[in-house]
Amino acid sequence: MSVTLQDERRARAARLLLRLEAAYPHGLSLGLTSRDPFEYLVATVLATQCKDERVNRITPALFARYPDAAAFAAADEEELLPYVRPTGLGPTKARNLIAIGRILCSRHGGQVPATMAELTALPGVARKIANLVLADCFGIVEGVAVDTHVRRISKLLGLTTSSDPRRIEQDLIACLPRHSWRSWNNLLVEHGRKCCVAGAPRCPVCPLLVDCPGGLALTAGTPVSAELAATVQDG
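To get my numbering, take the position in the sequence shown, counting from 1, and add 20.
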């Protein structure tokens, strides 16, 4: 019986998962801090194109001034902007957070909804953020959160060939066991911080190298494709 690409990906994913769990038994060494689903939702929105450490530095003052959805709904954009500007994309994030506050108050009683459809209807909330909120706040795992680490490293590992987050998520769902859908994000974020660093992957010391087509190509001593070179820089 012939082995299909999907069979090969599933087998490789199982081996990679074991190695990642052995390398990072505690998962993320640093994540977003929050006290409730609303704070977590706001923090994940702010973490778009921003490191968790920076978000964690600004959220105490932010939530002291704007403690709930109603406070964000009533916020003045120019007054809110200095609180969120350090995370980058300040004007967009400020507008989105005010709109999120208003929608939560008008449609959800000021609470964070617990469905994918309702979460992704919020401004600035795509499937990555919705997957994180559902899993971490409500224990609902519907998919794989695809951020820059997951996108870059999953491509290098040969588990997807796409650059589109939706397609990457579907490829990962197809090859990862369901129990690992949430942990895959944490493991790859930690691996991306510690070893597979964007632009400077530490392939020779990587615990995944034997099962990483991208890493094997990078360490082969021969010219790499433009696509592989671009993937390494992604992030």
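Glycine included, C-beta positions come from ideal geometry on N, C-alpha and C.
Apply the 10 Å Cβ neighbour rule to Lys214 and answer buried if 16 or more other Cβ atoms are within range, or exposed otherwise. exposed
Quick one: residues in its chain with C-beta nearer than 7 Å to the C-beta of Thr140, no 5 flanking neighbours on either side, listed in chain order? These residues qualify, in order along the chain: Ala146, Arg147, Ala150.
So, are the CB atoms of Thr107 and Ile78 less than 8 Å apart? yes
Whole-angstrom distance between Pro224 and Glu162, CA atom to CA atom: Rounded to whole angstroms, Glu162 to Pro224 spans 35 Å at the Cα level.
For Thr217, three-class secondary structure by DSSP: The amino acid occupying residue 217 in the given sequence is Val; Thr does not appear at that position. The answer is strand: DSSP assigns Val217 an E or B state.
Starting from the N-terminal side, write out each stretch of the alpha helix (DSSP H) that is 4 residues or longer and does not extend beyond the segment 52 to 117. Runs of the alpha helix (DSSP H) inside the segment 52 to 117: 57 to 66, 72 to 85, 89 to 93, 97 to 104.
C-alpha gap between Val209 and His169, whole angstroms: 5 Å
For Pro45 and Ala94, what's the separation of their Cα atoms in angstroms? If you draw a straight line from the Cα of Pro45 to the Cα of Ala94, it comes to about 43 Å.
Counting along the chain, where does the alpha helix (DSSP H) carrying Arg198 start and finish? Unbroken run through Arg198: none, as it is neither H nor E.
Which whole-angstrom value describes the C-beta separation of Gly234 and Leu179, a residue pair presumed to lie in contact below a C-beta threshold of 8 Å? With a Cβ gap of about 11 Å, Gly234 and Leu179 do not count as contacting.
Run the CB neighbour count on Ser200, radius 10 Å, all protein chains shown included, and call it buried at 16 or more, exposed below. buried
Where Thr64 falls, given that 16 or more other Cβ within 10 Å makes a residue buried: buried
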